[in-house]
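Peer 1:
There are 2 protein chains.
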Amino acid sequence: MLDDRKKRILQAIVDEYVSTAEPVSSSCITKKKGLDYSSATIRNEMSELEKSGYLEKTHTSSGRIPSVKGYRLYVDELLKEDNISIDEIKFIKEKLQTKVNQIEDLMKIATNTLSEVTHYTTVAIGPKVTKQIIQEIKFVLLGSRMLMVVILTDTGMIKETIINFEEDVYENQIQTINLLFNKKLQGKPLEQINEPLEEYFYNEMESSANMIKAIIDQLNKLIYEETKLYLEGTNKSFDLPELRKAETARNFINILENKTEVVDLLDSEFAKDINVYIGEELDDENLKDFSIITLKGEDSELGTIGIIGPKRMNYSKVISVMRYIQNLIDQGGI
Amino acid sequence: MLDDRKKRILQAIVDEYVSTAEPVSSSCITKKKGLDYSSATIRNEMSELEKSGYLEKTHTSSGRIPSVKGYRLYVDELLKEDNISIDEIKFIKEKLQTKVNQIEDLMKIATNTLSEVTHYTTVAIGPKVTKQIIQEIKFVLLGSRMLMVVILTDTGMIKETIINFEEDVYENQIQTINLLFNKKLQGKPLEQINEPLEEYFYNEMESSANMIKAIIDQLNKLIYEETKLYLEGTNKSFDLPELRKAETARNFINILENKTEVVDLLDSEFAKDINVYIGEELDDENLKDFSIITLKGEDSELGTIGIIGPKRMNYSKVISVMRYIQNLIDQGGI
DNA sequence: GTTTAGCACTCAAACCAAAAGACTGCTAAA
DNA sequence: TTTAGCAGTCTTTTGGTTTGAGTGCTAAAC
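In order, the protein sequence lines correspond to chains D and W. So in our numbering, the last spot in the first sequence is 334, and the numbers never skip. So in our numbering, the last spot in the second sequence is 1334, and the numbers never skip.
What follows is the structure in structure tokens.
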């Protein structure tokens, strides 16, 4: 579709614009390696790239900036995925090596690392818990009125919660409950904890009926509590020149405030591996000047991470770093 | 020191400046209730207030803005503590009523509420855990290689952590460990978990020595992990006109990045009840254009909350809301 | 056919001067 | 003690000019 030279020019323009945030002139491209034509030649090429929709001008006599279509081509075909330095590799390795016990901690660290290395705002949602299979449930009496319930799932994830009772609870009650819950719920997915025990709610074993109900209620809260959201590096974004513009800044604040949209995006089954969404590609007024890159773990128990940056984001760097982190997590097991 | 009229004028100026962020002119004050003198009279008064250091000018012919000394007087003597609307009371009550099981959750909700109502950035640190007394320790085996340790303290706080072992762990080992830990550690403050068990690290009961050490190591991590920090509403702050200025914005970002300074402040024993720190009163270059208001729970198990806003912060509103939340928490027990 | 030098043209940004406007401070009268 | 009135100060606004970076096009060179 585009000949090789045009592609190389487009690539050079994107790279330049990503780093300077200023419209790119023909003479600037002249200086790039492998493109030492006269500015007039480049000008002609740029003019054609604009006609086919890959470039835009901010005003008649300005340099060019990439259009969404231009960024798209760049991301799909031209981008180098090795844009990561030794120092960065070292830094990432070190941070991810921290021994963690729970996937949640890993997500937190990964989110933080990604934001530190890329300097963009990073957001993540934890793994979906509803489909996981209950392997074992433990009850721990704390003091005389607090009961901790711990659930271990087949993937090794641990969820726990605490229930406060108005009256004293006794060990033998706990043992009965323990037997009952494990018998009825082991092997069931978390989302199905309700029916198997409903019959006991208003049943003969009155003494424990209230307790059972209270526990189930609390577990439901635990399972359906808002998806846990990790957010890092929002402040860094306010250094971006695009956020000088009041309107763009407002939009960015809106995005962070109504996180739901971002969560929906991260959550969508559409997202697989690494995905790039550029500006208007996402049909959201607030997001029109931003791009989002998402990373979903291979086994979906890991949750999804997303980076929000300006359309002029350093796609190459972000994707390289994401790819590296992905590999690290994949080999490392948890 | 200042006569009544001067105080009322100062108060009017602070109130006006807080809401407009523009230097206040003499004629503006004329319109305020109880101050219907001519602008010339007000001008004379303002001139004297400036001479005594309560007001400042941004340039020779501008209106006046309060100085730190001016704000100080306002906060100490002139401020109304009932600046809170019925709607706000309703909103706060509703949010804080959410049943929580753990102090951490309460802190999170309080921080969030405070930020929602005041529109300022709110930061909080959790309660100090090291001094609390161990009441009981429970061990829960999850699967065959994961051990959860739960500690209940005298104040009803619960801390838990998980340890992954390389080899299978057996119930009878856990029972021994359980007995040992509870015998040696009950009644001791959390910060003293090390010595009582050191003798067992390399001791006769070899089989468990490694386990004991691993558990103690992990508990140390838990106890001395960085003080948990809650942060809410940073984005809202970027709407403030003072953050239009690049330098002030930079300072603000710095504050959020090196949270340590804020934590130190919140953590200092100096902070009691409600405290106000205005601009240069805190000897920190980054904070010179900001004020911080802190709220410390009566029983220090609650941690401390701080609000960071511009010097032109709505002291009256913030303090009113804090006071209300404080009362709510105090009566409510946890 | 492709490349390039050269020049006219465009438009944003920088610059400058003048005018307007919002204040104050001071003086003198009420 | 208060206030009307006015001169003086400094910022903000306005409008016009210049500058300069860039383009597009044409015609010559390769």
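By construction, the Cβ of each residue, glycine as well, lies at the ideal position given by its N, Cα and C atoms.
#1: With DSSP as the reference, label W/Met1157 as helix, strand or coil.
#2: Counting only Cβ-Cβ distances shorter than 9 angstroms, please list the residues of the stretch 223 to 247 of chain D near chain W, keeping chain order.
#3: Roughly how many angstroms lie between the CA atoms of D/Gln343 and D/Val149, to the nearest whole one?
#4: With DSSP run on the structure shown, which of helix, strand or coil describes D/Gln135?
#5: Identify each residue in the stretch 147 to 173 of chain D for which the Cβ-Cβ distance to at least one residue of chain W is less than 8 angstroms, and report them in chain order.
#6: Using C-beta distances below 6 angstroms, list every residue in its chain close to W/Val1075, excluding the 5 sequence neighbours before and after it, in chain order.
#7: Since W/Glu1104 meets chain D, which of its residues come closer than 9 angstroms, beta carbon to beta carbon?
#8: What does DSSP give as the partner residues of W/Arg1145 in its beta bridges?
#9: How is W/Phe1290 classed by DSSP in three states: helix, strand or coil?
#10: Please go through the same chain and pick out, in chain order, the residues whose beta-carbon is closer than 7 angstroms to the beta-carbon of D/Lys72, but skip the five residues on each side of it.
#11: With H, G and I counted as helix, E and B as strand and the rest as coil, what does DSSP make of D/Ile193?
#12: Taking W/Arg1064 and W/Glu1050 to be in contact with their CB atoms under 8 angstroms, please state how far apart those CB atoms are, rounded to whole angstroms.
#13: Just checking: is the beta-carbon of D/Ala347 within a distance shorter than 8 angstroms of some beta-carbon in chain W?
#14: For a contact defined as C-beta to C-beta under 7 angstroms, what are the partners of D/Lys6 on chain W?
#15: Would you please verify whether the beta carbon of W/Lys1138 is less than 8 angstroms from any beta carbon of chain D?
#16: I'd like to know if D/Asn327 contacts chain W, where contact means its C-beta is closer than 8 angstroms to some C-beta of that chain.
#17: Under three-state DSSP, which class holds D/Lys32?
#18: Residues of the stretch 1017 to 1045 of chain W with a CB closer than 7 angstroms to any CB of chain D: list them in chain order, please.
#19: Chain W beta carbons: is any one of them nearer than 8 angstroms to that of D/Asn258?
#20: In chain D, what lies closer than 7 angstroms to W/Leu1282 by C-beta?
#21: Would W/Ile1158 and D/Leu142 qualify as a contact pair, given that the criterion is a beta-carbon distance under 8 angstroms?
#22: Below 9 angstroms on C-beta distance, what does W/Asn1101 contact in chain D?
#23: Do we get a CB-CB distance below 8 angstroms when we pair D/Ile133 with the residues of chain W?
#24: By the 10 Å Cβ neighbour count, where 16 or more other Cβ atoms means buried, how is D/Gly126 classified, buried or exposed?
#25: Based on DSSP bridge pairs, tell me the residues matched to W/Val1024.
#26: Which of the three DSSP states, helix, strand or coil, is assigned to D/Lys99?
#27: DSSP has W/Pro1310 in a bridge; who is on the other side?
#28: Along chain D, which residues have their Cβ under 9 angstroms away from the Cβ of W/Gly1143?
#29: If you draw a straight line from the alpha carbon of D/Ala12 to that of D/Asn112, how long is it in whole angstroms?
#30: Is D/Asn286 closer than 8 angstroms to D/Asn254 when the C-beta atoms are compared?
#31: Please name the residue in D/Ala249, D/Gln192 and D/Gly303 whose C-alpha comes closest to that of D/Glu265.
#32: Whole beta strand (DSSP E) runs in the stretch 231 to 281 of chain D with 3 or more residues, listed along the chain?
#33: What residues are listed by DSSP as bridge partners for W/Glu1016?
#34: Give the straight-line distance between the Cα atoms of W/Ser1085 and D/Thr98, rounded to the nearest whole angstrom.
#35: The alpha helix (DSSP H) that contains W/Ile1084, what's its start and end?
#36: Determine whether the Cβ of W/Ile1253 lies closer than 8 angstroms to any Cβ atom of chain D.
Peer 2: According to the data block:
#1: Note: W/Met1157 maps to coil in three-state DSSP.
#2: Thr234, Asn235, Lys236, Phe238, Asp239, Leu243, Arg244 and Ala246
#3: The first residue shown for chain D is 1 and the last is 334, placing residue 343 of chain D beyond what the model contains.
#4: strand
#5: Those would be Met148, Val150, Leu152, Gly156, Ile158, Glu160, Thr161, Ile162, Ile163 and Asn164, in chain order.
#6: Val1276 and Tyr1315
#7: Within chain D, no residue comes near W/Glu1104; the closest Cβ sits about 11 angstroms away, beyond 9 angstroms.
#8: Answer is none; W/Arg1145 lacks a bridge partner.
#9: Residue state for W/Phe1290 is assigned as strand, using DSSP reduced to three classes.
#10: At residue 72 of chain D the sequence reads Arg, which differs from the Lys that was named. Closer than 7 angstroms at Cβ, skipping near neighbours: Ile278.
#11: coil
#12: 7 angstroms
#13: Nothing can be reported for residue 347 of chain D: it is not among the residues displayed for chain D, which extend from 1 to 334.
#14: In chain order: nothing, as chain W lies at least about 38 angstroms away.
#15: yes
#16: Nearest CB-CB separation between D/Asn327 and chain W: not below the 8 angstroms threshold.
#17: coil
#18: none
#19: no
#20: Within chain D, no residue comes near W/Leu1282; the closest Cβ sits about 20 angstroms away, beyond 7 angstroms.
#21: yes
#22: Near W/Asn1101 (Cβ distances below 9 angstroms), the residues of chain D are Met146, Thr161, Ile162, Ile163, Asn164 and Gln218.
#23: Closer than 8 angstroms: no.
#24: buried
#25: W/Arg1064
#26: coil
#27: W/Phe1290
#28: Gln135, Glu136, Leu152 and Gly156
#29: 31 angstroms
#30: yes
#31: Sequence check: residue 265 of chain D is Leu here, not Glu. Out of D/Ala249, D/Gln192 and D/Gly303, D/Gly303 has the C-alpha closest to the C-alpha of D/Leu265.
#32: List check, beta strand (DSSP E) in window: 274 to 278.
#33: Answer by DSSP bridge pairing: none, since W/Glu1016 is not bridged.
#34: 48 angstroms
#35: Boundaries for W/Ile1084: no alpha helix (DSSP H) harbours it, and the DSSP string shows neither H nor E there.
#36: Chain D, which has a Cβ nearer than 8 angstroms to the Cβ of W/Ile1253, makes this yes.
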